[in-house]
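Residue numbers (our numbering), protein chains in the order written: chain R, 66 to 251; chain F, 224 to 524. Backbone N, C-alpha and C define an ideal beta-carbon position, used for all residues, glycine too. Small disclaimer: the values here were computed from a predicted structure and weren't measured.
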Amino acid sequence: MVTVDRDLVEAAQRGDQAAFVDLVRSRGDRFFAIAHRILRDVDRAEDALQDALVIAWRDLRDLRDPDRFDAWVHRVLTNVCIAQAGRERKRMSNLYVLPIDGPAAPDDLLGVAVRDQLDRGFRRLSADERAILVLRHYVGYEPSELAELLGLSAGTIRSRLHHAHRAMRAALDADARAAAVGGTSA
Amino acid sequence: MNKHSDIDRLMTTWLDDGPTTMPDSVVDVVADRIGRTRQRRSWRLLRRLQMNTYVKLAAAAVIGVIAVGVIYLNLPGPADVGGPSPTPSSTASPLRSGTLEAGRYRIQPSIGSPTLAIVADIPAGWTSEFPDFRALTGPEGGDEGVAIVFLVADGLFSDPCHWDLDGTGAGSQPGDVEVGPTVDDLVAALRSQPQAYLASTPVPVTFGAFEGTELELQLPGKDALSTCDIEPGDSLPGSYFVFSGEEAGWFYGQGPDNRWQLFIVDVGGTRLITLLSYFEGTRQADLEAARAIVESFEFTP
């Protein structure tokens, strides 16, 4: 993980817009990747990232420890992504489908079938559970760090992780059973 | 690979796939938008609310007893126990940290009373400081700000300006004025203090369907505040602590001439202080929004 430039954060806290833009340039790729993995859509991830960064700018003086800039933005970004997913869910009434961007990479290590199974399992999860999976498995937060980051108890984090893992396993199992009886997994 | 035996590794590999480059337009859009967005002045919420072992155990015990009662003994749930019978909306969203959209939210104002909940209507632009602080803050900060703060106090400082009684500078130390358990005890203690911070006559108030007391405190100006004790590392002019206690000692005067409007009410055995912190420079619209939030409160004891 790139070490945050404490001077840039402190300058931005004093109102230096150029310093904040430098922070966005240096860390935006990682933030965008997180938003995309939660929302599974480039345009929505871009919107969420823009909103989160403007909120981060507005509230930056609330950040006590400049070295915690990344984790603090992760929290803001996660909340924005969850809120956006909630709005999208309401808009789409009964049918909730997360569009998946782009085809699998040709050198896909998992294989198209497994990726497809994971995609389907993932899109059935709540936005909170998707966010926790991304922060745990993509960003690498430990459950105790997730609890502090999201303001939830460690027990709640463990429970949601357990449920999300079980749902993902179930998606893989369901497709395996369908294949075994000659069904299609598409 | 056994795809069912290693979901952790599968998830990590799968999530590693995907875009890792931010679209170029993001930087331009953000640069433009922050140019039109004023930074909020920060609040002086310096101490993190910590739940000590005693409170954790007490909270766990309460949850356990209620769970056993409801599930196994068919006892009434918390909302059915005594007192008024408010009916908070089941459509309220849990309160997250960060800036809120307009909506109806469920607030847990006390760590030590985990079944106590408030449902409130909150307009867009307010910020939840939970879980670090039991507070909601308005669109502005500093000496233009307004905040709604939840406290459970068990004591007072007889001299809120010179509260560093043990000389450590730690703001979490107990106050030197013990207070009885009722709302009237606390109001009487506030009235009897030599400090001239009481700015209004306490009046009865119906607050979220519960009876309580409303009063206002006027905290000192810059000159007086500059003589007050400070915590190590805190910024001048000084810190002014009125209340003490595990769930009250984290909040102090937010600056010179800070004004506190207090609503003190006993909800199911918890003496809850809802505190509106504001200044002369607070925009009237923000103050009215804060009061509208408070007026919308529905309690579940």
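Counted within 10 angstroms of its Cβ, other Cβ atoms place residue i as buried (16 or more) or exposed
i	result
residue 391(F)	exposed
residue 148(R)	buried
residue 437(F)	buried
residue 352(F)	buried
residue 179(R)	buried
residue 72(R)	exposed
residue 248(R)	Low confidence applies to residue 248(R): its pLDDT is 47, below 50, so where it sits in the model is not reliable, and the reading given next is rough at best. With fewer than 16 Cβ atoms within 10 Å of its Cβ, residue 248(R) is classed as exposed.
residue 310(F)	Model confidence at residue 310(F) stands at a pLDDT of 48, short of 50, so the residue's coordinates are unreliable; what they give is reported in the following sentence. Residue 310(F) comes out exposed.
residue 317(F)	exposed
residue 294(F)	For residue 294(F), the pLDDT reaches just 38, beneath the cut-off of 50, and the residue's location in the model is therefore unreliable, although a value from the coordinates is still provided. It is exposed - the Cβ of residue 294(F) has fewer than 16 other Cβ atoms within 10 Å.
residue 507(F)	exposed
residue 275(F)	Summary for residue 275(F): the model assigns pLDDT 43, below 50, so the residue's position carries little reliability; its value from the coordinates is reported in the next sentence. Classification of residue 275(F): exposed, given that the 10 Å Cβ count is below 16.
residue 92(R)	buried
residue 454(F)	buried
residue 321(F)	buried
residue 230(R)	buried
residue 305(F)	With a pLDDT of only 32 at residue 305(F), under 50, the local geometry of the prediction cannot be trusted, and the value read off the model is given with reservation. Residue 305(F) should be labelled exposed.
residue 411(F)	exposed
residue 525(F)	Within the shown structure, residues of chain F are numbered from 224 to 524, placing residue 525(F) beyond reach of any answer.
residue 426(F)	exposed
residue 462(F)	buried
residue 325(F)	exposed
residue 408(F)	exposed
residue 79(R)	exposed
Listed by chain order, chain R residues near residue i by CB distance under 8 Å
i	result
residue 454(F)	The premise fails here: residue 454(F) is roughly 13 Å from chain R at the closest Cβ pair, so nothing lies under 8 Å.
residue 249(F)	89, 93, 97, 111, 114, 115 and 118
residue 246(F)	97, 107 and 111
residue 324(F)	148
residue 260(F)	119, 122 and 123
Chain R contact residues for residue i, given Cβ-Cβ distances below 9 Å
i	result
residue 194(F)	Outside the shown range of chain F, which is 224 to 524, sits residue 194(F), and nothing can be said about it.
residue 389(F)	Within chain R, no residue comes near residue 389(F); the closest Cβ sits about 25 Å away, beyond 9 Å.
residue 327(F)	Those within 9 Å of residue 327(F) in chain R number zero; the least Cβ separation is about 14 Å.
residue 424(F)	Near residue 424(F) there are no residues of chain R at all, since even the closest Cβ is about 36 Å away, more than 9 Å.
Interface residues of chain R facing residue i [CB-CB closer than 7 Å]
i	result
residue 263(F)	123, 124 and 126
residue 257(F)	82, 85, 119 and 122
Amino acids of chain F, ordered along the chain, whose beta-carbon sits closer than 9 Å to that of residue i
i	result
residue 101(R)	241, 242 and 243
residue 230(R)	230, 231 and 234
residue 180(R)	237 and 240
Neighbour list for residue i in chain F, Cβ cutoff strictly below 8 Å
i	result
residue 183(R)	233, 234 and 237
Chain F contact residues for residue i, given Cβ-Cβ distances below 7 Å
i	result
residue 141(R)	321
residue 73(R)	Residues of chain F passing the Cβ test: none, with the nearest at roughly 14 Å.
Contacts that residue i makes with chain C (C-beta to C-beta distance below 7 Å)
i	result
residue 104(R)	Of the chains in the structure shown, none is chain C; the protein chains are R and F.
Q) Quick one: any contact between the segment 468-475 of chain F and the segment 408-421 of chain F, if contact means 3 or more CB pairs under 8 Å? A) no
Q: Indicate whether the contact test is met: 3 or more Cβ pairs, each with one atom in the segment 247-265 of chain F and one in the segment 70-87 of chain R, closer than 8 Å.
A: yes
Q. Any chance the segment 353-364 of chain F sits against the segment 482-493 of chain F, with 3 or more Cβ pairs inside 8 Å?
A. no
Q: Residues of the segment 351-368 of chain F with a CB closer than 7 Å to any CB of chain R: list them in chain order, please.
A: 353 and 354
Q.
Which runs of the alpha helix (DSSP H) at least 4 residues long sit entirely within the segment 187-225 of chain R? Give them in chain order.
A. 192-199 and 208-215
Q: Tell me, please, whether the segment 438-449 of chain F touches the segment 502-509 of chain F by the rule of three or more beta-carbon pairs shorter than 8 Å.
A: no
Q | Length-filtered (3 minimum) beta strand (DSSP E) runs lying within the segment 308-377 of chain F | A | 326-330, 340-345, 358-360 and 370-374
Q. Are the segment 94-102 of chain R and the segment 189-206 of chain R in contact at 8 Å, needing three or more beta carbon pairs?
A. yes
Q) the segment 228-245 of chain F: which residues have C-beta closer than 8 Å to a C-beta of chain R, in chain order? A) 230, 231, 233, 234, 235, 236, 237, 238, 239, 240, 241, 242, 243, 244 and 245
Q: Mind the definition here: the segment 221-230 of chain R touches the segment 121-129 of chain R only if three or more C-beta pairs lie below 8 Å; say whether that holds.
A: no
Q) Hey, is the segment 106-117 of chain R in contact with the segment 244-254 of chain F, meaning 3+ C-beta pairs nearer than 8 Å? A) yes
Q) When you check each C-beta in the segment 188-218 of chain R against every C-beta of chain F, which residues fall closer than 7 Å? A) 198, 199, 202, 203 and 216
Q: Taking a Cβ distance cut-off of 8 Å, strictly less, list which residues of the segment 393-413 of chain F are near chain R, in chain order.
A: none
Q: Taking only runs that begin and end inside the segment 414-481 of chain F, name each unbroken beta strand (DSSP E) of 3 or more residues, in chain order.
A: 426-430 and 433-441
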